[in-house]
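Asks:
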Amino acid sequence: MSNPVLEAIRTRRMARALTDEPIARAELEEILKAARRAPSAGNRRLHRFVAVQHPTTLRLLRAVAPGMFQHPAAIVVICIDGAKAESFGMKPTAKGLYVDVGTIAQTVLLAAHSLGLGAGVVTSFSQAAVSAVLNLPAGLSPEMFICLGHAAAEQPASMPPRGRVTWQTLTQWERFPAR
Amino acid sequence: MPAMVLSEDEALELVAFLLTAARTQVDEAAEYGSLRLLTAARRLADAITDRVSPETRAFLTGPLREMPDLAVRTADPVGYVAALDGVCRAVGQHLAAHFGLDRRPQ
């Protein structure tokens, strides 16, 4: 079975090497429009995005993100709005806040892929340093970078799988057998 | 006096990388410790390659580049340690040659 959505899911890859080619502001805006459509628990919209294209800001974000191998043309920083979450009576550790970061990320990754762009996730960064670089207001915490650009023809070898992974090895039908 | 091989901007970026890696490592998989140190070594190598001696350049662009960027221990514990030992052996040999140990009387 195949359709454009399944094909996009199958062919998307994490881009850890990007070319110097810039991406158009219009493309970035399309990606942000897609991000706004990501599922949001209770439709509470407790996340904010910071879109970065300025070369110096990109350079500084890379300097404080040890997990960033690529040199992106743009970064979308996904932030949790902790103050707004608190207004709903949610603790900062509420899992829904972080689940939604993931659904936003996958939406952005697929949107970028559909536009022919490369995208890679980075979570290894200092939140304190990123907050300072971006002058984030109190209450906003940066949780994930989506690095965007044009994927280089040659990519670093991906993290090798530990054992064979298929959808079947990840799935247990109905319930686990008695132990 | 040896030539400067790192600009202030480049040095500052490396300091930022090391500092922030110290923080991120608190929360991340232990095997990322070696990964981050190797990344820092490669970033430093990238910054200085054009300003070093041909022999040092050969080391920076040779043995140091042989380990994949994203190699981690759990994927192949024996091979990973062997590869790291190989790079360490190469740096030891280069250090001995660069600092002239081979030319000094025993």
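In order, the protein sequences belong to chains L and G.
If you count by my numbering, then the first sequence holds residues 9 to 187, one letter each, in order.
If you count by my numbering, then the second sequence holds residues 2 to 107, one letter each, in order.
Ideal placement from N, C-alpha and C gives every residue a C-beta, glycine not left out.
Have a look at Pro-30/L and Leu-36/L and give me their C-alpha separation to the nearest angstrom.
Replies: As a working note, residue 30/L is residue 22 in the first sequence. As a working note, residue 36/L is residue 28 in the first sequence. Distance between the alpha carbons of Pro-30/L and Leu-36/L is about 11 Å.
Asks: State yes or no: is the beta carbon of Val-27/G nearer than 8 Å to at least one beta carbon in chain L?
Replies: In the second sequence, counting from the first residue as 1, residue 27/G sits at position 26. It does not: the Cβ of Val-27/G has no partner Cβ on chain L nearer than 8 Å.
Asks: Hey, does Glu-56/G have any beta-carbon neighbour from chain L nearer than 8 Å?
Replies: Numbered from its first residue, the second sequence carries residue 56/G at position 55. Output row for Glu-56/G: interface = no.
Asks: Does Pro-74/L have its Cβ less than 8 Å from a Cβ in chain G?
Replies: By one-based count along the first sequence, residue 74/L stands at place 66. For Pro-74/L, the answer is yes, since a Cβ of chain G falls inside 8 Å of its Cβ.
Asks: From Asp-89/L to Gly-147/L, what does the alpha carbon distance come to, in whole angstroms?
Replies: Along the first sequence, read from residue 1 onward, the residue named residue 89/L stands at position 81. Along the first sequence, read from residue 1 onward, the residue named residue 147/L stands at position 139. Going by the C-alpha atoms only, they are around 6 Å apart.
Asks: With a 10 Å radius around its C-beta and 16 neighbouring C-beta atoms as the bar for buried, classify His-55/L as buried or exposed.
Replies: As a working mapping, residue 55/L is identified with position 47 in the first sequence. Answer is buried; the Cβ neighbour count reaches 16.
Asks: Do the stretch 68-77 of chain L and the stretch 8-18 of chain G make contact, defined as three or more Cβ pairs closer than 8 Å?
Replies: Flag = yes, the stretch 68-77 of chain L and the stretch 8-18 of chain G touch.
Asks: From the DSSP output, in three-state form, read off Phe-18/G for me.
Replies: Your numbering for residue 18/G matches position 17 in the second sequence. Reduced to three states, the DSSP call for Phe-18/G is helix.
Asks: DSSP three-state call for Ala-120/L: helix, strand or coil?
Replies: To locate residue 120/L, count along the first sequence from 1; it is residue 112. Helix, per DSSP.
Asks: The alpha helix (DSSP H) that contains Ser-8/G, what's its start and end?
Replies: The residue you call residue 8/G lines up with position 7 of the second sequence. First-last for Ser-8/G: undefined, no H or E at that position.
Asks: Rounded to whole angstroms, how far is the Cβ of Ala-59/L from the Cβ of Ala-127/L, which I believe are closer than 8 Å?
Replies: Taking the first residue of the first sequence as position 1, residue 59/L is located at position 51. Taking the first residue of the first sequence as position 1, residue 127/L is located at position 119. Wrong, their Cβ atoms sit about 13 Å apart, outside the cutoff.
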